[in-house]
Amino acid sequence: MCHRFHLKTGAQAIADLVNATNHCDAGTFQQDLFPLASVPVIRRDEQQRLELAPCNWSLLPRTWKPSAKYPTWKSFVRKYPTFNARCESIDDKLSFRQSFVDRRAMIPATAFFEHGFFFGLQDVETFWFAGLWDRCVIGDETIDSCTIVTTQANKLVGRHHPRNRMPVILANEEAKTRWMNPEISRRGELQSLFRPLADDLMTHWPADAPE
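The working numbering puts the sequence shown at residues 7 to 217.
What follows is the structure, encoded as structure tokens:
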């Protein structure tokens, strides 16, 4: 489970890292991010070009409709949290399976938080979570939303996570290219990306330590 992450990198700098068109401004997102916040997401546009765009962190399937019980999308995702998608069921669970096929995304971070500690990558400031996104249109409102894919934790993160989970991190160019390849739609072709990142590629520090 990943329910909080940090992002210190500015929107244009993020877009430049992957040669994407930037549709985020400096005030779109905060450095300390939680579910329901607006977060920057790298995705493909209708012409399959990379773009950086803001999405609400908690995926709302495009088939969702308001009801008396859940009149707003936020009330729905609070009841049925979708800020994480388990890699083990990503191609099967109704909320995520179509996004897995054709709306995969990358979500930038500089650290993620688990039970009193921040975790980052050795010698890398900005890294990438595997993510999914979707678009739900309700009347005149268009809601773009996203989720972070999780996998089994490595030993470093597992020591601090009671459920032994961590985000799927796309740690090299080959992993990013495969995840964002629109011609790949089957789980088997992406299965190796769901392995937890090796401990020796990561670092961690107490959340209350000065940065």
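Heads up, the beta-carbon is just placed ideally off N, CA and C, and yes, glycines get one too.
Owing to the predicted nature of the structure, the values given are computational and were not obtained by experimental measurement.
Quick one: Cα of residue i to Cα of residue j, how far?
i      : j      : result
Asn218 : Met208 : Since the first and last residues shown for the chain are 7 and 217, residue 218 lies out of range.
Gln225 : Ala74  : This structure gives no information on residue 225, because the portion of the chain shown stretches from 7 to 217.
Asn28  : Arg55  : 11 Å
Gly164 : Asp146 : 44 Å
Thr174 : Gly33  : In the sequence as displayed, the identity of residue 174 is Val instead of Thr. Between Val174 and Gly33, the C-alpha separation is close to 27 Å.
Ala21  : Gln128 : 21 Å
Asp51  : Ala111 : 11 Å
Asn25  : Glu57  : 8 Å
Go ahead and pull the three-state DSSP assignment for residue i.
i      : result
Trp139 : strand
Ser101 : coil
Ser44  : strand
Gly16  : coil
Could you work out which residue in the options is closest to residue i when comparing CA atoms only?
i      : options                        : result
Ser64  : Ala91, Arg49, Trp185           : Ala91
Arg192 : Gln53, Ser81, Asp108           : Asp108
Gln197 : Phe106, Phe11, Lys14           : Phe106
His9   : Ile149, Trp139, Gly194, Thr153 : Thr153
Arg201 : Glu179, Leu66, Cys93, Gly126   : Cys93
Does the Cβ of residue i have 16 or more other Cβ atoms within 10 Å, making it buried, or fewer, making it exposed?
i      : result
Gly137 : buried
Gly126 : buried
Leu66  : buried
List the DSSP bridge partners of residue i.
i      : result
Thr148 : Val143
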